[in-house]
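Just below is one structure, and these are the notes that go with it.
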Amino acid sequence: MHDAEVDELAAAVLDSSPIDWPSIERRLTTPEARAVGAELRALSSLTQTAGIAATPQAAGSTPAIWLEVVRCVAIAETLVGLGGFVTFLISAPSPDRRLLLMSAVLAFAGAATFLDRHARDRRGRLLACVYWSIAAAFSASGIALLAALPWGISAAGVLLSVRPDAFLPAFMWQFAREFPAVNRFSVVDRVFALATFASLVISSALFLANLASLLYGAPPGWFAALLRFPGTGTWFWNIVFGAAIPALGVILWRARSAGIEENARVRLFLYAIAAALAPVATMVIAEGVSPGFAAVIDTPRGQFWGGLIIYPPLLALPVLTAYAIGAGDVLYIRVSVQQGLRYLLTKWLMGAAVGAAGLSALIYVYRHRDLSVVALLAAPAARAILALNIAGVILLACRARVLRALDRWARPGDQEASAMFASLGERMKNSRTPLEIAEALADGAETMLRTSTEVLLLKNEVLWPVRPETPRPPADSLIPVLVSGTDGACFVEDGHPQSYYGLLSEEDRTWIDRQRIALVVPVLSGRHHGGPRALVCVRHRRSALPFSSSDIRFLRATAASAALAYDALHADVSHAGAPFSEDGQELAFECVKCGVVAAWSRRTDSCACGGCWRQASLPVDLLGRFTVDRFIGAGGMGAVYLGTDRILGRRIALKTLTRLSGPAAERLIVEARTMAALSHSQIGVLYGTEVWRSTPVLILEYLPAGTLADALRNGPLAIDRVIPLVLQLSAALEHLHRSGVYHGDIKPSNIAFTETGVPKY
3 MHDAEVDELA AAVLDSSPID WPSIERRLTT PEARAVGAEL RALSSLTQTA
53 GIAATPQAAG STPAIWLEVV RCVAIAETLV GLGGFVTFLI SAPSPDRRLL
103 LMSAVLAFAG AATFLDRHAR DRRGRLLACV YWSIAAAFSA SGIALLAALP
153 WGISAAGVLL SVRPDAFLPA FMWQFAREFP AVNRFSVVDR VFALATFASL
203 VISSALFLAN LASLLYGAPP GWFAALLRFP GTGTWFWNIV FGAAIPALGV
253 ILWRARSAGI EENARVRLFL YAIAAALAPV ATMVIAEGVS PGFAAVIDTP
303 RGQFWGGLII YPPLLALPVL TAYAIGAGDV LYIRVSVQQG LRYLLTKWLM
353 GAAVGAAGLS ALIYVYRHRD LSVVALLAAP AARAILALNI AGVILLACRA
403 RVLRALDRWA RPGDQEASAM FASLGERMKN SRTPLEIAEA LADGAETMLR
453 TSTEVLLLKN EVLWPVRPET PRPPADSLIP VLVSGTDGAC FVEDGHPQSY
503 YGLLSEEDRT WIDRQRIALV VPVLSGRHHG GPRALVCVRH RRSALPFSSS
553 DIRFLRATAA SAALAYDALH ADVSHAGAPF SEDGQELAFE CVKCGVVAAW
603 SRRTDSCACG GCWRQASLPV DLLGRFTVDR FIGAGGMGAV YLGTDRILGR
653 RIALKTLTRL SGPAAERLIV EARTMAALSH SQIGVLYGTE VWRSTPVLIL
703 EYLPAGTLAD ALRNGPLAID RVIPLVLQLS AALEHLHRSG VYHGDIKPSN
753 IAFTETGVPK Y
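Be aware that the sequence shown starts at 3, since it is given in the working numbering, and climbs by one per residue.
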């Protein structure tokens with residue numbers, strides 16, 4: 003990395019931006035650069051530990067000089083163009099499409115001004131530059147009106163040749179580099195640098211080509227296509243859009259690696275663009291397909307009505323996209339539409355259907371009031387109306403069930419509260435650690451409340467987030483003290499009448515605001531006094547809907563179940579004679595990339611290999627005898643870890659369940675008994691079994707040479723190795739059958755080798 007990249011890396015660390023550190027370390031080639039990189043990574047870890055949220059690059063970052071110059075030119079042209087539109091509309095006998103053009107200029111210029119003044123980060127400033135270039139493009143017609151006036155304005159004519167809208171591709175690629183916020187300094191960033199440079203070259207070439215027409219007069223015919231004014235400008239817009247639109251595709255592609263909130267922002271941003279461009283694309287296609295439609299659109303009346311169709315969505319584009327970038331939280335459009343549909347069906351359609359059926363019955367009776375009741379009901383129309391009214395009454399009586407069916411159709415992931423509560427109770431009963439209890443509560447809250455959660459564990463009276471990427475609350479946080487006396491969920495959001503927000507410290511409030519926490523659910527002990535063992539923090543809903551009383555009742559009920567599960571776990575461990583870890587020391591995490599296992603309180607924000615952490619199935623220190631070192635693999639019967647028997651001083655394999663359940667534990671015990679009854683040189687040795695927190699653990703022979711599946715990844719085996727391998731495995735299989743054992747799962751991943759190459763099942 004050169005000095006400029008190191009400076010950019012330092013700025014990203016100060017901004018708490020997410021950084022691809024493994025990619026950075028591969029690019030640091032000199033000892034001095036590696037030392038600087040190590041110091042910056044340590045500083046980044048400290049900022050995360052201190053609770054500084056990872057955000058996009060700050061708004062105060064110094065922008066490029068060329069960007070500011072072009073932005074100022076675009077602002078000047080926008081103001082001059084607005085003056086031209088106002089001058090024309092004052093003297094025009096009636097409004098025409100120029101009124102729509104001026105509305106577009108005002109919309110984009112207004113959104114750009116708002117972002118310039120209130121942008122929270124650099125990408126807001128970059129989107130403002132995009133808007134200013136679009137506003138300058140629309141204002142070109144207003145500048146042309148000024149230049150064509152009888153008294154003429156020469157400066158206006160000069161501005162027609164100075165085209166800041168040529169830099170739209172460069173602005174778009176600069177913006178796409180910042181949005182969405184993902185890990186910086188990855189390989190993709192280097193590709194972005196090339197694309198940004200190419201877009202800047204293209205934009206500069208178009209800008210200089212238009213400027214040359216002012217200096218050297220009318221260009222030749224082929225060159226005129228590159229000009230915005232004068233000339234047709236055919237290739238000008240083709241090049242501008244052709245270079246800018248791919249940036250939108252890159253934004254969509256990068257959203258796959260973004261977080262939940264950034265992903266929602268990308269979707270809203272692209273939905274707004276699609277909605278704004280759909281009418282334009284539809285009319286262009288219609289003009290190409292239908293000559294008659296094209297002829298109508300070419301008339302003044304057709305242009306006016308076409309503008310009414312095209313411009314309203316276009317005017318909404320800057321508002322929606324600015325909201326997607328600048329809002330502190332964005333709505334989930336799908337959820338909002340579903341809630342609106344539910345409200346519509348609840349309040350209007352059902353009542354309207356029943357009311358229409360009743361009204362039709364009254365009208366029918368009034369129109370045939372001279373008939374007897376028997377004659378009235380004998381008519382086919384009367385029977386149909388009667389059936390509709392009966393169906394309406396049944397619909398009203400079963401409205402609750404109909405709405406539940408509608409919810410299941412619109413939101414298939416939702417579950418009934420009773421079914422979810424029963425499932426959570428069973429899961430908590432089988433939990434082996436306080437973290438598993440808290441995570442069960444958090445998963446239930448996410449499913450039922452349609453929101454996200456954060457789990458915090460208490461270690462030495464300090465709150466520690468389970469996810470390493472989550473900033474820590476303040477070390478002297480008052481949250482555990484305040485929630486220790488509650489009976490379940492308590493509000494901590496600002497503005498709620500029952501919130502604890504006003505009782506918290508300024509540091510606590512800052513952390514709650516940044517993490518968008520609305521509720522805190524403590525995992526308390528029902529038998530033992532003291533503070534909470536864990537906290538489940540519930541964030542604001544993406545749909546912006548408030549939490550209902552039924553939501554709070556569900557959280558309180560699950561919190562009570564969690565307290566019972568915690569007390570049962572405490573009693574079981576104490577009865578077994580093992581020390582109970584109040585601070586969660588027995589909880590371990592494993593790297594999804596290299597498999598290394600680390601105590602959760604000792605792990606860093608990411609593994610040394612760059613992988614992420616997930617919860618392991620065993621603690622690092624197992625039963626005071628075994629050390630769990632690395633995750634090997636998982637199968638239908640559970641997970642396998644590499645460990646060390648500290649007493650005997652040998653490497654072992656530890657097989658256990660990923661989650662405790664009665665049937666799975668029984669199957670694992672049956673497997674252990676079967677292995678203990680067998681003795682063969684091609685069958686792995688069972689050293690013994692242990693039980694940790696009611697979970698069986700098999701102590702197996704460790705086969706260090708890998709599996710047959712690993713060997714086959716390098717290509718097919720030689721024939722002189724295959725024949726002895728098949729003979730050895732066949733002998734072991736024959737021994738199994740003679741012992742009355744059926745293997746039933748022979749595959750390359752279940753065949754491993756010793757250090758000397760001996761295969762074993």
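The beta-carbon is built from N, C-alpha and C at its ideal position, and this holds for glycine as well.
Between residue i and residue j, what straight-line distance do the alpha-carbon atoms span, to the nearest angstrom?
i       : j       : result
Gly-759 : Arg-661 : 33 Å
Val-485 : Val-522 : 8 Å
Ser-741 : Ala-754 : 22 Å
His-370 : Ala-402 : 36 Å
Leu-101 : Ala-109 : 12 Å
Leu-710 : Leu-735 : 16 Å
Val-483 : Ser-550 : 25 Å
Ala-207 : Leu-270 : 33 Å
Thr-488 : Val-540 : 16 Å
Glu-673 : Arg-648 : 25 Å
Cys-614 : Leu-216 : 57 Å
Ile-481 : Ala-197 : 48 Å
Phe-140 : Gly-294 : 28 Å
Leu-787 : Arg-558 : A question about residue 787 goes unanswered here, because the residues of the chain that appear run from 3 up to 763.
Cys-609 : Thr-646 : 21 Å
Thr-560 : Ala-477 : 27 Å
Pro-726 : Tyr-689 : 27 Å
Ser-105 : Ser-163 : 23 Å
Ser-63  : Arg-469 : For Ser-63, the predicted structure reports a pLDDT of 47, less than 50, and the residue's modelled location is therefore unreliable. A value from the coordinates is still provided. Their backbone Cα atoms lie some 29 Å apart in a straight line.
Thr-691 : Ile-671 : 9 Å
Return helix, strand or coil for residue i, following the three-state DSSP convention.
i       : result
Pro-473 : coil
Gly-626 : coil
Lys-461 : strand
Phe-181 : coil
Arg-165 : coil
Arg-653 : strand
Tyr-643 : strand
Lys-595 : coil
Arg-669 : helix
Thr-435 : coil
Asp-722 : helix
Leu-333 : In this predicted model, Leu-333 has a pLDDT of only 49, less than 50, meaning its place in the structure is not dependable; the value taken from the coordinates is given anyway. Reduced to three states, the DSSP call for Leu-333 is coil.
Gly-637 : strand
Phe-549 : coil
Cys-492 : strand
Pro-761 : strand
Thr-697 : strand
Excluding the 5 residues flanking residue i on each side, which residues of the same chain have their C-beta closer than 6 Å to its C-beta?
i       : result
Ile-514 : Val-494
Tyr-503 : Val-494, Asp-496
Ile-136 : Phe-110
Pro-320 : Ala-109, Phe-110, Ala-113, Tyr-133
Val-252 : Ala-178
Ala-249 : Met-174, Trp-175, Ala-178
Ala-245 : Pro-171, Ser-201, Ile-204
Leu-465 : Leu-458, Pro-475, Ser-479
Gln-730 : Gln-684, Pro-761
Ser-362 : Ile-387
Which residues in the same chain have their Cβ closer than 8 Å to the Cβ of residue i, if we skip the five residues on either side of it in sequence?
i       : result
Thr-756 : Leu-705, Pro-706, Ala-707, Lys-762
Trp-694 : Arg-434, Leu-620, Pro-621, Leu-624, Leu-625, Thr-658
Ala-359 : Ile-387, Leu-390, Asn-391, Ala-393, Gly-394
Gly-746 : none
Tyr-744 : Leu-738
Report all residues from its chain with a CB closer than 7 Å to the CB of residue i; omit the five preceding and five following residues, and keep chain order.
i       : result
Arg-429 : Ala-442
Arg-73  : Cys-131, Trp-134
Tyr-568 : Pro-436, Ile-439, Val-525, Ser-527, Arg-535
Per DSSP, what are the beta-bridge partners of residue i in this structure?
i       : result
Val-525 : Ala-536
Pro-467 : Leu-458
Gln-617 : Phe-591
Leu-702 : Ala-655, Leu-688
Val-160 : Paired residue(s): none; Val-160 is not in a bridge.
Practice prompt. Scan the region 233 to 292 and note each continuous alpha helix (DSSP H) run of 4 residues or more that stays entirely inside, going in chain order.
Written response: Entirely contained in the region 233 to 292, the alpha helix (DSSP H) runs reaching 4 residues are, in chain order, 236 to 256, 262 to 291.
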